[in-house]
Amino acid sequence: MEAAETERAAVAERLLMSSLRTSYDPTVEIDWDAPHTPGAYWLPPQRSSLYGTPLWEQLSDEQRVALTKHEVASAASAGLWFETILMQMLIREYYRADPTSRQAQYALTEVADECRHSIMFGRLIEAMGCPVYRASTVDHHLGRFLKATASGPRMYAAILIAEEILDAFQREIMADESLQPLIRMVSRIHVVEEARHVRFAREELAAAVAATGPVGLAYARLLVGRAASTIANRLVHPDVYAAVGIPPAVGRAAASANPHWRATLRWSAKRVHDHLADAGLVAGPGRLLWARAGLI
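Taken in order, the sequence shown gives residues 1 to 296; the numbers are from the UniProt record's numbering.
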């Protein structure tokens, strides 16, 4: 047990040093006033929720670009929503932690990163000229519950789900030179800094699972499944379809039935699903929630 604690502290120390070497201030690193590239998509078209559907075929090239722009704005809005929850969970953990420990100090460093990321996502939505796609009333209250109560495996698993699903999209975006330079730069900054957050959450999750009894793990599986379902459903807000003249209910139904989109959801969640399944956190009723959300 002592060796495991020493390793956790060593990982946090390395992450603190990495944060000193590679951290970004998006307000100065990104040219927010640069003109957008005419005709360039905001995410690979095959990752659009309507790609391959009759609705997609009916859209003009300009409308398809606009749809991907609003889908990015929706994902950024979901990211803002969850990062606000994440920061409150980390601060709540820090409140009872040893402030001299490297784990506590890295938690504060991560909060600082997330503050900048939230500003970056807000500036991105503004620069794209899109609305903020806000959480539903149900999801808003779920977020309030999560930030006030989640700890241990529930907390770190929820963090990993949100971070790693978005990370899958952003790694692909930042490598695709055909896409808008603005979203590629935002994605690159987020990927670099989120890699540290994922490593920290995985280390803390392993320790939390080891310290949790069977009843606590059963509850965690259910809450983790609910978090995975909520995050998947938050990626594309139904109102994005109205931006290209599609009724939101029609667009949502088409996306839900779209095999291309369901394959994209499974692709985006594979890494985090496999990790959490190996940790014993995807099973029972919670697993059904993953499946209903199209993540497995």
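Note that CB positions come from ideal geometry on N, CA and C, so glycine has one too.
Own chain residues within Cβ distance below 7 Å of residue i, not counting five before or after
| i | result |
| --- | --- |
| S18 | R196 |
| L90 | A107, E110 and V111 |
| E164 | V198, R271 and V272 |
| R102 | A9, A12, E13 and L16 |
| I246 | L55 |
| Y94 | A104, A107 and L108 |
| residue 314 | Summary: the structure shown does not reach residue 314, with the chain confined to residues 1 through 296, and so no result is reported for it. |
| L235 | S74, A75 and A78 |
| H190 | H117 and Q170 |
Helix, strand or coil at residue i according to DSSP, with G and I counted as helix
| i | result |
| --- | --- |
| T25 | The displayed chain sequence assigns Asp, not Thr, to residue 25. It is coil, neither helix nor strand. |
| Y94 | helix |
| R154 | helix |
| D61 | helix |
| I30 | coil |
| L43 | coil |
| L115 | The identity of residue 115 in the sequence shown is Cys, whereas the question assumes Leu. In the structure shown, C115 sits in a helix (DSSP, three-state: H, G or I). |
| D176 | coil |
| H237 | coil |
| T137 | helix |
| I159 | helix |
| G286 | helix |
| L295 | coil |
| I246 | coil |
| I132 | Note that residue 132 is Val in the sequence shown here, rather than Ile. If DSSP states are grouped into helix, strand and coil, V132 belongs with coil. |
| S18 | helix |
| Y219 | helix |
| L281 | coil |
| G211 | Reading the sequence as shown, one finds Ala at residue 211 and not Gly. In the structure shown, A211 sits in coil (DSSP, three-state: anything other than H, G, I, E or B). |
| S268 | helix |
Chain-order list of residues whose beta-carbon lies under 6 Å from that of residue i (same chain, five-residue window excluded)
| i | result |
| --- | --- |
| residue 299 | Because the chain here runs from 1 to 296, residue 299 falls outside it and cannot be looked at. |
| L160 | A201 and V272 |
| G143 | I85 |
| A279 | V209 |
| D113 | E193 |
| H237 | S74 and Y133 |
Exposure label - residue i; buried when at least 16 CB within 10 Å
| i | result |
| --- | --- |
| A150 | buried |
| V224 | buried |
| L20 | exposed |
| P99 | exposed |
| V250 | exposed |
| D274 | exposed |
| E2 | exposed |
| F145 | exposed |
| Q58 | exposed |
| Q170 | buried |
| T212 | buried |
| V138 | exposed |
| W32 | exposed |
Nonlocal neighbours in the same chain, by C-beta distance under 8 Å from residue i, ignoring five residues either side
| i | result |
| --- | --- |
| R266 | G294, L295 and I296 |
| G216 | G152 and P153 |
Minimum Cβ-Cβ distance from residue i to chain D less than 8 Å
| i | result |
| --- | --- |
| A208 | Considering every chain present, this structure includes no chain D. It has just one protein chain. |
Contact between the stretch 272-285 and the stretch 169-185: three or more CB pairs below 8 Å? Contact between the stretch 272-285 and the stretch 169-185 is absent, because fewer than three Cβ pairs lie under 8 Å.
For the stretch 44-63 and the stretch 249-260, state whether three or more C-beta atom pairs, one from each stretch, are separated by less than 8 Å. yes
Three or more C-beta pairs under 8 Å: does that hold for the stretch 124-131 against the stretch 59-75? yes
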